[in-house]
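Here the sequence shown is numbered in the numbering used here, starting from 2 and rising by one per residue.
Written out below as structure tokens is the structure these notes cover.
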Amino acid sequence: KEIEEVKHLKHPPREVARVMEVVHLLLTQPTSLACDWNDVLRTVVRIDFLKRARSINLDGVLQQAKLIDYVCRKYFAGEEPLTPDRVRWASKAVVAFFGWTVAIIAGVLPEFPTKVAGEEARRRIQLLDQELRENRRRESEERKAAELRQETRKRAEEEQKEELARLELARLEQQRVEEAKRIVQEQQAKEAAAVARREVRRAEEAEAKRIEALEHQGLDAQARLERQEAAERARKAKKAAAKEAKMMR
2 KEIEEVKHLK HPPREVARVM EVVHLLLTQP TSLACDWNDV LRTVVRIDFL KRARSINLDG
62 VLQQAKLIDY VCRKYFAGEE PLTPDRVRWA SKAVVAFFGW TVAIIAGVLP EFPTKVAGEE
122 ARRRIQLLDQ ELRENRRRES EERKAAELRQ ETRKRAEEEQ KEELARLELA RLEQQRVEEA
182 KRIVQEQQAK EAAAVARREV RRAEEAEAKR IEALEHQGLD AQARLERQEA AERARKAKKA
242 AAKEAKMMR
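Right under this line is the structure:
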């Protein structure tokens, strides 16, 4: 993203141009140290630009005392040296490239005689390198802390989801148990109702039999009474007939 932004700059801010000039000089190590934005763009637009930056030949840089002296005195010393604040204010797109140039120069500068680069530039490069290293360390710690917070939040969310899932399972299990109880209670109620109906039927049948027996008993008594009355009438008739017969004799 940053390199694409740089590629499309036709008239870059001064500090942006200066940072990318240093990048161009370190990568190409030209014989003529003077360069302009067109020279920078020819380096930046190359397909292998980032690959060259990642795998820069430091042994070749160590052979460029004149180049290092020129870069340090022109870009890191004097009245307007490159600083993180100036670079960041000009464009955040080249902040990473600025850090790259400082790291490369700080890494090779101790290998050169002290007269190369000059005392002021050496001191500034050393301070910049320490500052950028500290910034990278702090950013790394902040990134790790952010990742840890994210991991903790993610773990808490997962635990919350698991707890919600557990509660949902418990609710469903409770619902299943209550449904089973309801079914059992309904079945028991049905069975109890069936038993009650059978008891009622038996009681009704028993009552019907009792009434029928009573009815039978009543008919038998009536029949006996009628037989008794018929026998009495027959006895009286016989007695009357005997009396009349006696009178006729």
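Note that beta-carbon positions come from the ideal geometry of N, C-alpha and C, so glycine has one too.
- Aspartate 70 is positioned such that its CB atom lies closer than 8 Å to that of alanine 118.
- Lysine 210: member of the alpha helix (DSSP H) spanning 120-249, first to last residue.
- Apart from sequence neighbours up to five positions away, the residues of its chain that approach glutamate 132 with a beta-carbon distance below 8 Å are Pro85, ordered along the chain.
- Burial of valine 41 is indicated by the presence of at least 16 other C-beta atoms within 10 angstroms of its C-beta.
- When C-alpha distances from phenylalanine 99 are compared across Arg87, Leu170 and Arg198, the shortest belongs to Arg87.
- For glutamate 5, the uninterrupted alpha helix (DSSP H) run begins and ends at 3-8, by DSSP.
- Secondary structure note for alanine 104: its alpha helix (DSSP H) is the uninterrupted segment 96-109.
- Contact between the stretch 59-68 and the stretch 13-24 is absent, with fewer than three C-beta pairs closer than 8 Å.
- In this chain, leucine 63 is not harboured by any alpha helix (DSSP H), its DSSP state being neither H nor E.
- Taking the Cα positions, arginine 236 is about 24 Å away from leucine 220.
- For asparagine 39, the enclosing alpha helix (DSSP H) has its first and last residue at 38-45.
- Where aspartate 86 is concerned, the enclosing alpha helix (DSSP H) starts and stops at 85-91.
- Apart from sequence neighbours up to five positions away, the residues of its chain that approach leucine 63 with a beta-carbon distance below 7 Å are Val109 and Glu112, ordered along the chain.
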